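Taking this note's numbering, I'd label the letters of the sequence shown as residues -9 to 338. Virtual Cβ for every residue (Gly too), placed ideally from N, Cα, C. Remember, predicted model here, so these are calculated numbers, not experimental data.
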Amino acid sequence: MGEVEDRERRKHEHIEAVQTLPDVGGSGFEDVRLLPVSAPQMDVADATLATELLGRSLSSPIIVNAMTGGTEESGQINARLARFAKRQGLAMAVGSETAGLRSPEAARSYAVVRELNPDGVIIANVGMGAGVDAAKRAVQLVGADFLQIHWNVAQELFMAEGDRHFRQLLERLAEVKAAVDVPVIAKEVGQGMTGPAARRFVEAGADAVDIGGVGGTNFIAVEAWRRGAGIDQEWLGWGVPTAASLGEVAAELQDVVPIIASGGIRSGHDVAKALAMGARAVGVAGPLMRIATGSDPDRGLDAWVDGIHWTMRTILVLMGARQPADLADQPILVMGRVGEWLDLRGYR
Ligand code: FNR
-9 MGEVEDRERR KHEHIEAVQT LPDVGGSGFE DVRLLPVSAP QMDVADATLA
41 TELLGRSLSS PIIVNAMTGG TEESGQINAR LARFAKRQGL AMAVGSETAG
91 LRSPEAARSY AVVRELNPDG VIIANVGMGA GVDAAKRAVQ LVGADFLQIH
141 WNVAQELFMA EGDRHFRQLL ERLAEVKAAV DVPVIAKEVG QGMTGPAARR
191 FVEAGADAVD IGGVGGTNFI AVEAWRRGAG IDQEWLGWGV PTAASLGEVA
241 AELQDVVPII ASGGIRSGHD VAKALAMGAR AVGVAGPLMR IATGSDPDRG
291 LDAWVDGIHW TMRTILVLMG ARQPADLADQ PILVMGRVGE WLDLRGYR
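Quick look at the structure:
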């Protein structure tokens, strides 16, 4: 089977795996508690979900995170997600664009996201090994506002056909950053960034980081499932739970670059806790793929985000916060396993 067929099959299998596999581990947000103020001194109408990310205004801090593209099936999913992102005013990342750079048909499955949402915030996506030329073309293909570079070393190692060469990739990031004219986001996929790892990305030139923690879609499990192999349970405990990762990265970088929290963000409470811990925005993938490929997807996607927005607005009022950014000024409690993690790591 050729490289193109392999890639097409992989895209399809990722979609299928996410429909089948449960989220893995805990994101750790159950250890985070927010504090009500009792007398909020504001009306519900005073609360807005609007925020700012890398110079762009967003009407919600929720980002439809990178998922797919490159095949006819994934083009249809991208079109559905793009219409959803437009209706709801959400930023949206496309899946890895390597496939789209090889043929015009494949390119359409990404370009459709910009065609359907001409004024929205769209994020291009390439892998950690992408060079300057590929990165520039990826940005151009979707008329991107930002570029994500995904770092998925764990996934590659668990993929039979995966990459085994990881030298000099931070240098590559620096070259790409110098060559593209949009902000660059370094994005971990599922292991969770530590504070020092996030700092290295920023030192190499990243304008923002997406921490990609443990607790949601787990690509070690996804790749084991694709191979029909069992997985050693200990691997399911590998990596940094999203709340612990966010605690580390916020302590290092909160005042330096915007932080995007992702990996197992599933509810309005998760979103509010992530923002209170110092995230500027959150990324969600797996749940949106499940809804987008299920029955009545358009209504399902709207209902999902409406529910999350309602919860977020309610929490804002209960905490006397007028906008998402105000949550980061409020005291929070980080207890249990995540609290212990941050203590042991010297982050508080
Ligand atoms: C992904 N993800 C992903 N990330 C990336 O940077 N490039 C990609 O091509 C893909 N492909 C992809 C396919 C599918 C089907 C899913 C569900 C996810 C990873 C995604 O953006 C996110 O980082 C993780 O899924 C963790 O978030 P959730 O799923 O726990 O909300």
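| request: Using only alpha-carbon positions, find the residue among 139, 228, 217 and 262 that is nearest to residue 321. | output: Among 139, 228, 217 and 262, the Cα nearest to that of residue 321 is on 262.
| said: Please report the distance separating the alpha-carbon of residue 241 from that of residue 31. | reply: Each residue's Cα considered, the two are about 30 Å apart.
| task | Pull up the distance between the alpha-carbon of residue 158 and that of residue 119, whole angstroms please. | result | Separation of residue 158 and residue 119 (C-alpha to C-alpha, rounded to the nearest whole angstrom) is 9 Å.
| request: Could you check which residue in 58, 239 and 87 has the C-alpha nearest to that of residue 189? | output: Residue 189 has its Cα closest to that of 239, out of 58, 239 and 87.
| With 16 other CB atoms within 10 Å as the buried threshold, where does residue 38 fall? | Answer is exposed; the Cβ neighbour count stays below 16.
| said: Please classify residue 154 as buried or exposed, where buried requires at least 16 neighbouring CB atoms within 10 angstroms. | reply: Counting the other CB atoms within 10 Å of its CB gives residue 154 a total below 16, which places it among the exposed residues.
| query | Are the CB atoms of residue 201 and residue 271 nearer to each other than 9 Å? | reply | Taking the C-beta atoms as reference points, residue 271 is found no nearer than 9 Å to residue 201.
| query | Quick one: what's residue 322 bridged to in DSSP? | reply | Per the DSSP secondary-structure output, residue 322 pairs in a beta bridge with 24.
| field | Rounded separation between residue 60 and residue 82 - CA only | value | Linking residue 60 to residue 82 through their CA atoms gives a straight-line distance of about 16 Å.
| query | Does the count of Cβ pairs from the region 100 to 116 and the region 306 to 316 closer than 8 Å reach three? | reply | Put simply, the region 100 to 116 does not touch the region 306 to 316. Fewer than three CB pairs are less than 8 Å apart.
| request: Could you tell me which residues DSSP puts in a beta bridge with residue 331? | output: None, per the DSSP bridge assignment.
| message | Between the alpha carbons of residue 110 and residue 222, how many angstroms are there, rounded? | response | Within the model, the alpha-carbon separation for residue 110 versus residue 222 is close to 42 Å.
| task | Report the three-state DSSP secondary structure of residue 48 (helix, strand or coil). | result | Three-state DSSP puts residue 48 in a strand.
| task | Quick one: residues in its chain with C-beta nearer than 6 Å to the C-beta of residue 23, no 5 flanking neighbours on either side, listed in chain order? | result | Contacts found: 323.
| If you draw a straight line from the C-alpha of residue 285 to the C-alpha of residue 73, how long is it? | Distance between the alpha carbons of residue 285 and residue 73 is about 17 Å.
| request: Could you tell me if residue 104 is buried or exposed, where buried requires 16 or more neighbouring beta carbons within 10 angstroms of its beta carbon? | output: Residue burial annotation: residue 104 is buried, with at least 16 other C-beta atoms found within 10 angstroms of its C-beta.
| request: Return yes when the C-beta of residue 5 is under 8 Å from any heavy atom of the ligand FNR, and no when it is not. | output: Taking 8 Å as the cut-off, one finds at least one heavy atom of the ligand FNR near enough to the beta carbon of residue 5.
| How big is the Cα-Cα spacing for residue 265 and residue 292? | So the alpha carbons of these two residues sit roughly 22 Å apart.
| query | Would the region 225 to 234 and the region 156 to 171 be scored as touching if the rule is three or more Cβ pairs under 8 Å? | reply | Counting Cβ pairs under 8 Å, fewer than three are found: no touch.
| Do residue 259 and the ligand FNR come close, with the Cβ less than 8 Å from some heavy atom? | Residue 259 Cβ: outside cutoff for every heavy atom of the ligand FNR.
| Apart from the five residues just before and just after residue 3, which ones in its own chain have a Cβ nearer than 7 Å to its Cβ? | Cβ within range, chain order: 216.
| task | Check the C-beta distance from residue 346 over to residue 205 and give it rounded, since I have them as a contact under 8 Å. | result | Absent from the model: residue 346. The displayed extent of the chain is -9 to 338, so no value can be given.
| said: Quick check on the DSSP output: the beta strand (DSSP E) that includes residue 14 runs from which residue to which? | reply: Residue 14: not part of any beta strand (DSSP E); DSSP gives it neither H nor E.
| task | Tell me, please, which residues DSSP counts as bridged to residue 140. | result | Bridge partners of residue 140: 117 and 177.
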